[in-house]
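Reading the sequence shown from the start, the letters are residues 7 to 385 in our numbering.
A quick write-up on the structure given underneath.
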Amino acid sequence: MLRCLKSSYFNRSSRLDAIGPSIWSSILVDMLIFGNYAIRIWILRSKFMKAQGVAYRNLGRTGLKVSQICLGTAFRGQADENTCIRVIDRAIDLGCNFIDTALYGGGQSETFVGKALKDKRDDIVLCTKVFGSIGNSPNHVGLSRLNLLRALEDSLRRLQTDYVDLYLMHAFDANTPLEETLRALDDMVRQGKVRYIGCSRFPAWKVMESLWISDVHNWEKLVCIQNQYNLLNRGEIEAELIPLCEQFGLGIMTFSPLAIGLLTGKFRRGQTPPPGTPWSEEKLEGLSPGKYNFKEAMTGRVDRIIQTLIEISAKHGQTPAQIAIAWVLAQDQISSPILGADLPEHVDEIFAGLNCQLDSEDLASLDQVSRVEPIQRYA
7 MLRCLKSSYF NRSSRLDAIG PSIWSSILVD MLIFGNYAIR IWILRSKFMK
57 AQGVAYRNLG RTGLKVSQIC LGTAFRGQAD ENTCIRVIDR AIDLGCNFID
107 TALYGGGQSE TFVGKALKDK RDDIVLCTKV FGSIGNSPNH VGLSRLNLLR
157 ALEDSLRRLQ TDYVDLYLMH AFDANTPLEE TLRALDDMVR QGKVRYIGCS
207 RFPAWKVMES LWISDVHNWE KLVCIQNQYN LLNRGEIEAE LIPLCEQFGL
257 GIMTFSPLAI GLLTGKFRRG QTPPPGTPWS EEKLEGLSPG KYNFKEAMTG
307 RVDRIIQTLI EISAKHGQTP AQIAIAWVLA QDQISSPILG ADLPEHVDEI
357 FAGLNCQLDS EDLASLDQVS RVEPIQRYA
């Protein structure tokens, strides 16, 4: 019987919503004949199906395994709690075990994540960040011990949990000594409220200084960084941060792999950006108005990159966005790109492209059109 179940286990669809009537009939027969044993097998089968197509990677040199896609939950000002929770649920159903949040929307993002994960917390690697906190005093911002301790307690309350797996410094604080910040983070790890620590948007030399300080004092070390990385923005991270992370075994989380939507293929030079996007001045109900200058961003180089994505996507039967994501995933040094979604359908599109394998010709074309030329220095 186990052999029979195992056979059907590997041959059925990876999506629960695609299960046909014949399979449901098989399940009912199994349950009638084998009772609780069949139910337990079906639960294990469902968990496997959810993870099909999604790879898991170690975060740097840690033993922490994270899905190759991290779900970002800023939600672009989306205020519909039910929709946001459905987005999170859909990503988890498709195999995502890595969720990134922060003080977005005045804490609204963490609140939504907390509600969505209430019964799933142990299965998820939860990352949140600290820099600001809710308050108006000068001590409600930055990486001081005071603000870190207060911000963590507030995040734990909103997230409805007693620990976070990964706690990141959201930006570098020039007004607080790194020793003060790193000692506070070390205390949080020792207290069991934080499992791992990292940083976001730090310059390479400050990442290196943080590692050195922690080493000297035998404090908890950074395990990952988080920086922007996409076909439009390669220079800083490739020149310094990626080599540093490879040398010291840090994981790399990247945000904005689609360059705030520019790499979706929906934007072209000389055209009006679609309404409701971050690049449009036309506001749609439920979404924050655009705040980026489209004309300045849409340079000739950007348009050539988009055209290359469109051509490669036609070759593979994928969307330009899926090709842009596939390019990031093809970079071996990257642990997980962070991708946000406003609707569950957006999550489906993201995960549908995970099996797209770019060949050497594709990668060479994208590298050539997006490569940043080094600055020539003359003695």
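For every residue, glycine included, the Cβ atom is placed at its ideal position computed from N, Cα and C.
Asked: My understanding is that residue 121 touches residue 162, with C-beta atoms under 8 Å, so please give their C-beta distance in whole angstroms.; Found: Their Cβ separation, rounded to whole angstroms, is 14 Å, which puts residue 121 and residue 162 out of contact at 8 Å.
Asked: Hey, could you find the ends of the alpha helix (DSSP H) residue 220 is sitting in?; Found: 210–223
Asked: Would residue 284 pass as a contact of residue 267 if the rule is Cβ separation under 8 Å?; Found: yes
Asked: Mapping DSSP to helix, strand and coil, what is residue 188?; Found: helix
Asked: Given a cut-off of 8 Å on the beta-carbon distance, is the pair residue 158 and residue 131 in contact?; Found: no
Asked: Determine the burial state of residue 183: buried for a count of at least 16 other Cβ atoms within 10 Å of its Cβ, exposed for fewer.; Found: exposed
Asked: Alpha helix (DSSP H) containing residue 183: first to last residue?; Found: Here residue 183 belongs to no alpha helix (DSSP H), and DSSP marks it neither H nor E.
Asked: In or out: residue 168 buried (at least 16 other Cβ within 10 Å) or exposed?; Found: exposed
Asked: Residues in the same chain with beta-carbon distance under 7 Å from residue 210, minus the five sequence neighbours each way, listed in chain order, please.; Found: 246, 247 and 250
Asked: State the DSSP-derived secondary structure class of residue 365, mapped to helix, strand or coil.; Found: coil
Asked: Closer than 6 Å by C-beta to residue 255: which residues in its own chain qualify, once you throw out the five before and the five after it? Chain order, please.; Found: 66 and 67
Asked: Would residue 215 and residue 192 be called neighbours here (beta carbons separated by less than 8 Å)?; Found: no
Asked: Which residues mark the beginning and the end of the beta strand (DSSP E) in which residue 201 is found?; Found: 200–206
Asked: Is it buried or exposed for residue 143, if we count other Cβ within 10 angstroms and need 16 for buried?; Found: exposed
Asked: Rounded to a whole number of angstroms, what is the C-alpha to C-alpha distance between residue 134 and residue 87?; Found: 19 Å
Asked: Let's test the definition: count the other Cβ atoms within 10 Å of the Cβ of residue 116 and tell me whether it reaches 16, buried, or not, exposed.; Found: buried
Asked: Which residues does DSSP list as the beta-bridge partners of residue 343?; Found: 260
Asked: With distances taken between CB atoms, is the gap from residue 350 to residue 331 smaller than 8 Å?; Found: no
Asked: Less than 8 Å between the beta carbons of residue 81 and residue 348, yes or no?; Found: yes
Asked: Given that a residue counts as buried once 16 or more other Cβ atoms are within 10 Å of its Cβ, and exposed if not, what is residue 278?; Found: exposed
Asked: Between the alpha carbons of residue 147 and residue 109, how many angstroms are there, rounded?; Found: 12 Å
Asked: Under a Cβ-count criterion, where at least 16 other Cβ atoms within 10 Å of its own Cβ denotes burial, should residue 52 be classed as buried or exposed?; Found: Only weak support exists for where residue 52 lies, its pLDDT of 40 falling under 50; the coordinates are left without a value.
Asked: Measuring alpha carbon to alpha carbon, tell me which of 372, 113, 155 and 189 ends up nearest residue 221.; Found: 189
Asked: Just confirm the distance between the C-beta atoms of residue 316 and residue 326, as a whole number of angstroms; I'd bet it's less than 8 Å.; Found: 5 Å
Asked: If you follow the alpha helix (DSSP H) that residue 328 is part of, which residue opens it and which one closes it?; Found: 326–335
Asked: For residue 235, I'd like the list of residues in its chain whose CB is within less than 6 Å of its CB, leaving aside the five on either flank, ordered along the chain.; Found: 243 and 260
Asked: Which runs of the beta strand (DSSP E) fall wholly inside the stretch 98–162 and span at least 3 residues, in chain order?; Found: 104–106 and 131–136
Asked: Do residue 345 and residue 174 come within 8 Å of each other at the CB atom, strictly closer than that value?; Found: no
Asked: For residue 71, which three-state DSSP category applies?; Found: strand
Asked: I believe residue 79 touches residue 99 by the beta-carbon criterion, under 8 Å. Please report the beta-carbon distance rounded to the nearest angstrom.; Found: Their Cβ separation, rounded to whole angstroms, is 16 Å, which puts residue 79 and residue 99 out of contact at 8 Å.
Asked: So which of 114, 196 and 228 has the shortest CA-CA distance to residue 205?; Found: 228
Asked: Could you tell me which of 318, 178, 322 and 72 sits nearest to residue 136, measuring between CA atoms?; Found: 178
Asked: Could you name the residues that DSSP lists as bridge partners for residue 236?; Found: 239
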